[in-house]
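Before any comments, here is the structure.
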Amino acid sequence: MCHSLEQARHLSRTVDETSRTLCLTHAYTGYPMVKQSRQMILRFDIGLVRKVYVEYPQGWLSHDNVNSKQTQWRLDPKQSGPSGCLGDIGVHAFNLA
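If you read the sequence shown in the numbering used here, its first letter stands for residue 702, the second for the next number, and so on.
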């Protein structure tokens with residue numbers, strides 16, 4: 702959504718000024734496996750978690766498929782911003798970790 706603190710502040714002001722609701726869906730947090738994992742970590746069932754390695758393979762993005770709307774904007778820094786897939790996909794992995 703935002704690629705800088707300035708953009709985030711602007712977005713926050715816009716939401717406040719328009720009395721609109723801004724939502725970001727982290728759908729994976731609703732999965733039973735994710736909920737169970739979270740509880741296991743909080744109860745120290747698996748010991749103290751000291752490192753989290755997150756991988757989110759997106760093989761379909763390895764080819765420049767100009768016929769795909771989903772590919773086009775993700776590979777264009779003017780549309781997706783400087784973070785590339787991190788802002789689009791990585792934010793969900795960060796949320797889970």
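Backbone N, C-alpha and C define an ideal beta-carbon position, used for all residues, glycine too. Predicted model, so just to flag it, every value in this text is computed and none were measured.
Beta-carbon separation (whole angstroms), residue i vs residue j, contact threshold 8 Å
i: residue 750; j: residue 742; result: 5 Å
i: residue 719; j: residue 796; result: That belief does not hold up - the Cβ atoms of residue 719 and residue 796 are roughly 25 Å apart, past 8 Å.
Helix, strand or coil at residue i according to DSSP, with G and I counted as helix
i: residue 756; result: coil
i: residue 724; result: coil
i: residue 749; result: coil
i: residue 734; result: helix
i: residue 821; result: Residue numbering for the chain in the displayed model covers 702 to 798; residue 821 lies beyond these limits and cannot be assessed.
Exposure of residue i, with buried meaning 16 or more beta-carbon neighbours within 10 Å
i: residue 744; result: exposed
i: residue 775; result: buried
Pairwise C-alpha distance: residue j and residue i
i: residue 790; j: residue 705; result: 17 Å
i: residue 716; j: residue 798; result: 27 Å
i: residue 727; j: residue 794; result: 9 Å
i: residue 763; j: residue 753; result: 25 Å
i: residue 709; j: residue 786; result: 18 Å
i: residue 781; j: residue 722; result: 22 Å
i: residue 746; j: residue 760; result: 34 Å
i: residue 773; j: residue 732; result: 29 Å
i: residue 711; j: residue 784; result: 18 Å
i: residue 707; j: residue 788; result: 16 Å
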